[in-house]
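Chemist: Below: one structure in structure tokens.
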Amino acid sequence: VASTSQKTAEFDFVVVANRLPVDSVTGPDGSQMWRLSPGGLVTALEPVMQGVDGAWIGWPGSANGDLEPFEHDGIKMEPVTLSELDVEYYYEGFSNDTLWPLYHDVIAQPTYHREWWDAYREVNQRFADRAISIAAEGATVWVHDYQLQLVPGILREARPDLTIGFFNHIPFPAYGLFAQLPWRKQIVRGLLGADVIGFQRSADASNFSRAVRRLFGFETKGTRIWVPHDASQDDVAGSPPSRKGLPVRRVVARHFPISIDSAAYARLAEKPSVIARAKQIREDLGNPKTIMLGVDRLDYTKGIRHRLKAYGELLREGRIDVESTTLIQVASPSRERVGTYIALRDQIERTVGRINGDYGTIGHSAVVYMHHGYPREEMVALYLASDVMLVTSLRDGMNLVAKEYVAVRADNDGILILSEFTGAADDLKQALLINPHDIDGVKNTMIRAIEMSTAERRRRMRALRRRVLENDVAKWSEAFLDELEHNSTARSGSENG
Ligand code: GDG
50 VASTSQKTAE
60 FDFVVVANRL
70 PVDSVTGPDG
80 SQMWRLSPGG
90 LVTALEPVMQ
100 GVDGAWIGWP
110 GSANGDLEPF
120 EHDGIKMEPV
130 TLSELDVEYY
140 YEGFSNDTLW
150 PLYHDVIAQP
160 TYHREWWDAY
170 REVNQRFADR
180 AISIAAEGAT
190 VWVHDYQLQL
200 VPGILREARP
210 DLTIGFFNHI
220 PFPAYGLFAQ
230 LPWRKQIVRG
240 LLGADVIGFQ
250 RSADASNFSR
260 AVRRLFGFET
270 KGTRIWVPHD
280 ASQDDVAGSP
290 PSRKGLPVRR
300 VVARHFPISI
310 DSAAYARLAE
320 KPSVIARAKQ
330 IREDLGNPKT
340 IMLGVDRLDY
350 TKGIRHRLKA
360 YGELLREGRI
370 DVESTTLIQV
380 ASPSRERVGT
390 YIALRDQIER
400 TVGRINGDYG
410 TIGHSAVVYM
420 HHGYPREEMV
430 ALYLASDVML
440 VTSLRDGMNL
450 VAKEYVAVRA
460 DNDGILILSE
470 FTGAADDLKQ
480 ALLINPHDID
490 GVKNTMIRAI
500 EMSTAERRRR
510 MRALRRRVLE
520 NDVAKWSEAF
530 LDELEHNSTA
540 RSGSENG
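The structure is reproduced here in structure tokens:
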């Protein structure tokens, strides 16, 4: 075991996530510094981490040598080292080319490689070992996302004193698809090490419970699952284990829809510099009547091609024209060494090039396409500048962009077109919901948005804003940690069935 195991166990609250919430940046004098990556997760957990003795275990983001633990913005960082090969096999391979496409309903073909699985197991063990060595007696450990599904099981075996939570940020697929995974039993057993397994949608939680029943035959009822304490008893045949007098623990699998720091977004949108920038963006585009906007990581789950196809057809049919309507598409670079992503980028850029070639004029582009990341203030300015926000994911755990767009529209204006296949659609019913596969439906909805009356726009946006402002990310983490507190095996003794 690594030298870290000799460290004193000192933290009462430990977050385990693939990435640390910091990026390495180069300062003006050429020196390396850390900058907090402003994600919702950090915002939600920062107060929790500072209230108790907390630490965050994660990969610092580039394959490099060992880094000592350090503190940044009051958060204790515990960096986990990944080698070049770990990045290739565990991260780009098993996480992003096996699990990601499988969990997103095989929109792209998942690749199954035994070497990738071996690396996934090894790296999960490494993350778990760190948690085992730094978590204080009786601590709470919150593990995040599909890269680390084996960690709860490893922790349960080694440290039954811990209270263990897991949250899956992406969908959990129907059993018919999940069953493809050669290591489906190990993954499910790994997750069942947690006291609470959180999902984005209730459908994800029921897909998971069904997988548990099909693979193990454990008893489930509503959001509860009864799991043998002793994994060697898993295969006891016949009726559910709890009825055969085996010691069981209760696991809760339910949905906790994630959100954003709504107030922080609303505040950014009030800044004079951001408002001025939004105005500037409209002017730079020649003040078209309608600006449509897409903001996505460049990922095949986001339905960027479907969106472009619909938009291109509207131009071809003359239902919209480049003088009155502009589409801005921000596609931030993502997973650029994975083959599927390289191919997708080529397809998207070819399509944008064609549309602009066919319909653009000297003064007006049909599609303004940008393949870079932007500071958050620029994103908010784009949201404010746009009349119609396009979220056309083919499958998406939640989709925070939809919530951010709503949070910043204090003017109660702007229209959200939202795919039914996002977690966000479960809650944001006042959006214009679409099926992105139905290109005619998407086209008609775009036209409907362009023509929508001010009264209807306001009515819808007001209702959306109520939802997003009320249910922010702080509520999300409170709800999860509250459930975890109530369903801890460690805290309730051996039996909580
Ligand atoms: C996963 C799940 C789930 C994007 N480009 C830039 C930028 N962004 C920000 C957005 C938003 C975030 O990144 C993207 O979040 P999403 O939720 O839309 O999508 P994923 O990255 O796929 O996230 C998803 C989420 O986890 C949380 O659980 O909702 O379903 O797939 O905040 O604003 N931010 C900046 N510049 C960019 O260029 N600053």
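Numbering (the UniProt record's numbering), first residue to last: 50 to 546.
Backbone N, C-alpha and C define an ideal beta-carbon position, used for all residues, glycine too.
Would Val-276 pass as a contact of Arg-259 if the rule is Cβ separation under 8 angstroms?
Modeler: Contact flag unset, no.
Chemist: The beta strand (DSSP E) with Met-419 in it runs from where to where?
Modeler: 416-419 is the extent of the beta strand (DSSP E) around Met-419.
Chemist: Going by DSSP, which residues form a beta bridge with Arg-515?
Modeler: DSSP, once it has assigned bridges, lists no residue as partnering Arg-515.
Chemist: In whole angstroms, what is the alpha-carbon distance linking Tyr-349 and Pro-296?
Modeler: The alpha-carbon atoms of Tyr-349 and Pro-296 are separated by roughly 44 angstroms.
Chemist: Can you list, in chain order, the residues of its chain whose CB lies under 7 angstroms from that of Asn-67, leaving out five sequence neighbours each side?
Modeler: Same-chain partners within the cutoff: Gly-107, Trp-108, Asp-194, Gln-196, Leu-197.
Chemist: Please report the straight-line C-alpha distance between Thr-53 and Ala-184, rounded to a whole angstrom.
Modeler: Bear in mind that the predicted position of Thr-53 carries a pLDDT of just 46, short of 50, making it too unreliable to give a figure here.
Chemist: Would you say Ala-392 and Ile-404 are within 8 angstroms of each other, going by their C-beta atoms?
Modeler: No, they are not a contact pair.
Chemist: Relative to the C-alpha of Leu-204, which residue among Leu-148, Gly-123, Val-65, Ala-252 is closest?
Modeler: For the residues Leu-148, Gly-123, Val-65, Ala-252, the minimum Cα distance to Leu-204 belongs to Val-65.
Chemist: Could you check if Ser-281 is buried or exposed, using at least 16 other CB atoms within 10 Å of its CB as the buried criterion?
Modeler: Exposed, by the Cβ-count rule.
Chemist: Would you report the Cα separation of Phe-221 and Arg-263, rounded to the nearest angstrom?
Modeler: Those two C-alpha atoms are separated by around 15 angstroms.
Chemist: Would you list the residues sitting across from Ser-73 in a DSSP beta bridge?
Modeler: Bridge partners of Ser-73: Trp-83.
Chemist: Kindly indicate which residue of His-304, Ile-464, Ile-181, Asp-146 has the alpha-carbon position closest to the one of Glu-164.
Modeler: Of the listed residues, the one whose Cα sits closest to Glu-164 is Asp-146.
Chemist: Suppose the cutoff is 8 angstroms on Cβ atoms and the five residues either side in sequence are ignored; what does the same chain contact list for Gly-546 look like?
Modeler: Residue placement at Gly-546 is flagged as unreliable, the pLDDT there being 47, under the threshold of 50; the coordinate-derived value follows with that caveat. Counting only Cβ-Cβ distances below 8 angstroms, and skipping sequence neighbours, we find Trp-275, Ser-291, Val-297, Arg-298, Arg-299.
Chemist: Is Ala-327 closer than 8 angstroms to Ala-434 when the C-beta atoms are compared?
Modeler: In contact: Ala-434 and Ala-327 (Cβ atoms closer than 8 angstroms).
Chemist: My guess is that Pro-201 and Gly-239 are in contact by the Cβ rule of under 8 angstroms, so how many angstroms apart are they, rounded?
Modeler: Right, their Cβ atoms sit about 6 angstroms apart.
Chemist: Along the chain, which unbroken stretches of the alpha helix (DSSP H) at least 4 residues long are found entirely within the stretch 185-253?
Modeler: The stretch 185-253 contains these whole alpha helix (DSSP H) runs: 200-207, 224-227, 233-240.
Chemist: Would you mind sorting Leu-399 into buried or exposed? The rule is 16 or more other CB atoms within 10 Å of its CB.
Modeler: The residue you asked about is not Leu; residue 399 is Arg in the sequence shown. So Arg-399 counts as exposed.
Chemist: From the DSSP output, which residues share a beta bridge with Gln-378?
Modeler: Answer is Gly-343, Tyr-418, bridged to Gln-378.
Chemist: For Thr-75, is the classification buried or exposed, using 16 other Cβ atoms within 10 angstroms of its Cβ as the cut-off for buried?
Modeler: Exposed, by the Cβ-count rule.
Chemist: Classify Leu-334 as helix, strand or coil using the three-state DSSP reduction.
Modeler: If DSSP states are grouped into helix, strand and coil, Leu-334 belongs with coil.
Chemist: Excluding sequence positions up to five away, which residues of its chain have a Cβ less than 6 angstroms from the Cβ of Val-50?
Modeler: Any reading at Val-50 is ruled out, since the residue's pLDDT is 37, under 50, leaving its predicted position unreliable.
Chemist: In angstroms, rounded to a whole number, what distance separates the CA positions of Ala-539 and Ala-168?
Modeler: When rounded, the distance between both Cα atoms is 30 angstroms.
Chemist: Compute every distance between the C-beta of Met-438 and the non-hydrogen atoms of the ligand GDG, then say whether any falls below 7 angstroms.
Modeler: Answer for Met-438: no, Cβ out of range of the ligand GDG.
Chemist: Taking 8 angstroms as the cut-off, decide whether the C-beta atoms of Asp-436 and Thr-503 are in contact.
Modeler: No. Outside cutoff.
Chemist: Which of the three DSSP states is assigned to Pro-277 in this structure?
Modeler: In the structure shown, Pro-277 sits in a strand (DSSP, three-state: E or B).
Chemist: By a C-beta neighbour count over all protein chains shown, 10 Å radius and 16 as the cutoff for buried, is Ala-302 buried or exposed?
Modeler: Per the 10 Å Cβ criterion, buried.
Chemist: Nearest CA to the CA of Tyr-103: which residue from Ser-111, Gly-114, Pro-118?
Modeler: One point to set straight first is that residue 103 is Gly, not Tyr, in the sequence displayed. Of the listed residues, the one whose Cα sits closest to Gly-103 is Pro-118.
Chemist: Go through its chain and collect everything with a Cβ distance to Phe-257's Cβ below 6 angstroms, but skip five positions before and after it.
Modeler: These residues qualify, in order along the chain: Phe-221, Ala-302.
Chemist: Measuring from the CB of Met-447, is there a heavy atom of the ligand GDG at a distance below 7 angstroms?
Modeler: Flag set: Cβ of Met-447 near the ligand GDG.
Chemist: Would you say the beta carbon of Glu-186 comes nearer than 7 angstroms to a heavy atom of the ligand GDG?
Modeler: No, the ligand GDG has no heavy atom inside 7 angstroms of this Cβ.
Chemist: Tell me which residue opens and which closes the beta strand (DSSP E) that Asp-61 is part of.
Modeler: Counting along the chain, the beta strand (DSSP E) containing Asp-61 begins and ends at 60-68.
Chemist: Since Val-344 and Val-450 are thought to touch, with beta carbons under 8 angstroms apart, how far apart are those beta carbons, to the nearest angstrom?
Modeler: So it is a contact: roughly 5 angstroms between Cβ atoms.
Chemist: If you measure from the CB of Met-428, is any heavy atom of the ligand GDG nearer than 7 angstroms?
Modeler: For the ligand GDG, at least one heavy atom lies less than 7 angstroms from the Cβ of Met-428.
Chemist: In this structure, how does DSSP classify Phe-305 when only helix, strand and coil are distinguished?
Modeler: Looking at Phe-305 - three-state DSSP - the assignment turns out to be coil, as it is neither helix nor strand.
Chemist: Please report how far the alpha carbon of Leu-148 lies from the alpha carbon of Ser-255, in whole angstroms.
Modeler: Taking the straight line from one Cα to the other gives about 18 angstroms.
Chemist: At a threshold of 7 angstroms, does Tyr-140 count as lining the ligand GDG (C-beta to nearest heavy atom)?
Modeler: Incorrect: Tyr-140 has no Cβ contact closer than 7 angstroms to the ligand GDG.
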